[in-house]
Amino acid sequence: MPLVNMRDMLYHAYENNYAVGAFDLVSLDFLEAVIDAAETCRSAVILSVAEHHFAHYDFHLMLAAVEKAAQNSTIPVAIQFDHGRSYNSVVNAIKLGCNGVMLDVSNLEFLDNIKNTLTVTEMAHQCGVSVVGELGYVAGNVGEGAEQHPGETEFTLPSEAKVYVERTGVDCLAVSVGTVQGRVNGKVKLDYARLKQLNQAVKVPLAVHGGSGLSEDQFHKLIFNGVAKIDYYTALSDVAAKAMRQSSKDHPKGSFIDLKKEVKKAIGDEVVRCLRLWGSAGRAAEILERCDTWLNINHV
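Letter by letter, the sequence shown follows residues 60 to 359 in our numbering.
See below:
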């Protein structure tokens, strides 16, 4: 407690015009910083683990720590498996404690995306696990984002989105409306008219990947038009790296502990900024009242 149902969490955000942050974790520093920031803000939070980051940590060990942190918290927490690459990896994530999952098949043809996502939804919903579907493709344009998400961005079509949600039964739809995975070159241009049409067509909480690099006004307009989950990583990685570089400059002969002292604070400060900006700060009590408590899955 209070690990809670992710669907309940997202619908509360959707119905009350704010967004929950889903922060990707790559180390215990990230985990501790995100949880501490959410506690400080009295905000719901989604602890996210993305399959393309598994090269950087042991998934089983990380999930054990994530689950324990969630159970020990006093604010509503959900655990999301993000950008899953296969049905089996989604099943494994649920067994290890994730109560929200996403199978990343947005690069497939429309009907193939529906078919694969439906397979996951049917299995996950039997376990009470929430499912995020993705329609449209959000590419990266520089660095790690471009490597992990190559190719050209494909915007989500409202007509397809309606059919997709009806056929798959997903609890949340991740859409492509102009955001960029990873770092960005120049200003991001978002298609708000498309987003409004998507929101009207599907009437489920929307999500965006590629939240880093957006302005306060852009975030507000996303939330106004139905975005209830914002996936966020690159900005956290950048502030952590900047803090490490500064510590290295200040303590050229410092130990590893010396060099990482400011990392957790830098991450936490950015998470606090986001939670306040996105409107989830101060809502922990009302969200806990709305959300069912999450109990572990015994088998899948």
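All C-beta atoms in this analysis are idealised placements derived from N, C-alpha and C, irrespective of residue type, glycine included.
Every value quoted in this text rests on a predicted model; they were computed, and no experiment measured them.
C-beta atoms of residue i and residue j nearer than 8 Å
i, j, result
"Glu364", "Ala128", "What the structure shows of the chain is the stretch from 60 to 359, and residue 364 is not part of that stretch, so it cannot be assessed."
"Val229", "Val191", "yes"
"Val108", "Val136", "no"
"Leu295", "Phe82", "yes"
"Val179", "Val160", "yes"
"Ile134", "Asn158", "no"
"Val261", "Lys221", "yes"
Between the CA atoms of residue j and residue i - distance to the nearest angstrom
i, j, result
"Asp171", "Val224", "14 Å"
"Gly259", "Ala300", "It is worth fixing the name first, because residue 259 is Gln in this sequence and not Gly. So the two alpha carbons sit approximately 40 Å from each other."
"Ala103", "Ser307", "34 Å"
"Asn147", "Val188", "15 Å"
"Asp317", "Met68", "38 Å"
"Ile105", "Gly156", "13 Å"
"Lys312", "Lys320", "14 Å"
"Glu348", "Val263", "21 Å"
"Phe278", "Lys255", "14 Å"
"Asp95", "Thr227", "35 Å"
"Val267", "Thr352", "25 Å"
"Val201", "Glu110", "Legend: pLDDT at Val201 = 45, less than 50; position of this residue unreliable, value from coordinates given subsequently. Going by the C-alpha atoms only, they are around 20 Å apart."
"Gly199", "Val239", "Note that Gly199 scores a pLDDT of 47, beneath 50, so its modelled location is shaky and nothing firm can be said."
"Asp250", "Asp328", "29 Å"
"Thr176", "Val149", "11 Å"
"Ser314", "His112", "26 Å"
"Cys231", "Arg66", "8 Å"
"Glu213", "His310", "46 Å"
"Leu265", "Val79", "11 Å"
"Ser145", "Asn166", "13 Å"
"Ser132", "Asn355", "16 Å"
"Ala343", "Pro61", "10 Å"
"Ala123", "Glu275", "34 Å"
Endpoints, the beta strand (DSSP E) within which residue i is located
i, result
"Cys231", "Cys231 to Val234"
"Val190", "Ser189 to Leu194"
"Phe140", "Val136 to Gly143"
"Asp290", "Val286 to Tyr291"
"Leu318", "Unbroken run through Leu318 is the alpha helix (DSSP H), Phe315 to Lys319; no beta strand (DSSP E)."
"Ala266", "Leu265 to Val267"
"Ala109", "Val104 to Ala109"
Selected residue, minimal CA-CA separation from residue i, among the options
i, options, result
"Leu216", "Cys231, Gly195 and Asp230", "Gly195"
"Ala252", "Gly327, Ala344 and Gly237", "Gly237"
"Gly341", "Ala97, Leu87 and Glu91", "Ala97"
"Val330", "Trp353, Arg349, Glu348 and Asp297", "Asp297"
"Thr293", "Ile138, Trp353, Val197 and Gly270", "Gly270"
"Gly338", "Ile289, Phe118, Lys174 and Asp328", "Ile289"
"Ile173", "Asp250, Ile138, Ala183 and Glu219", "Glu219"
"Leu281", "Ala72, Leu354, Phe169 and Asn64", "Ala72"
Three-state class that DSSP yields for residue i in the structure shown
i, result
"Glu345", "helix"
"Thr352", "strand"
"Val201", "Summary for Val201: the model assigns pLDDT 45, below 50, so the residue's position carries little reliability, and this model does not support an answer."
"Glu126", "helix"
"Glu213", "strand"
"Gly327", "helix"
"Leu62", "strand"
"Ala78", "coil"
"Asp163", "coil"
"Gln207", "Low confidence applies here, because Gln207 scores a pLDDT of 48, under 50, leaving its location unreliable and the question unanswered by this model."
"Asp83", "strand"
Element boundaries [alpha helix (DSSP H), containing residue i]
i, result
"Val261", "Tyr251 to Val261"
"Thr180", "Phe169 to Gln185"
"Asp117", "Run containing Asp117: none; DSSP gives neither H nor E here."
"Ser148", "Tyr146 to Lys154"
"Lys280", "Glu275 to Phe283"
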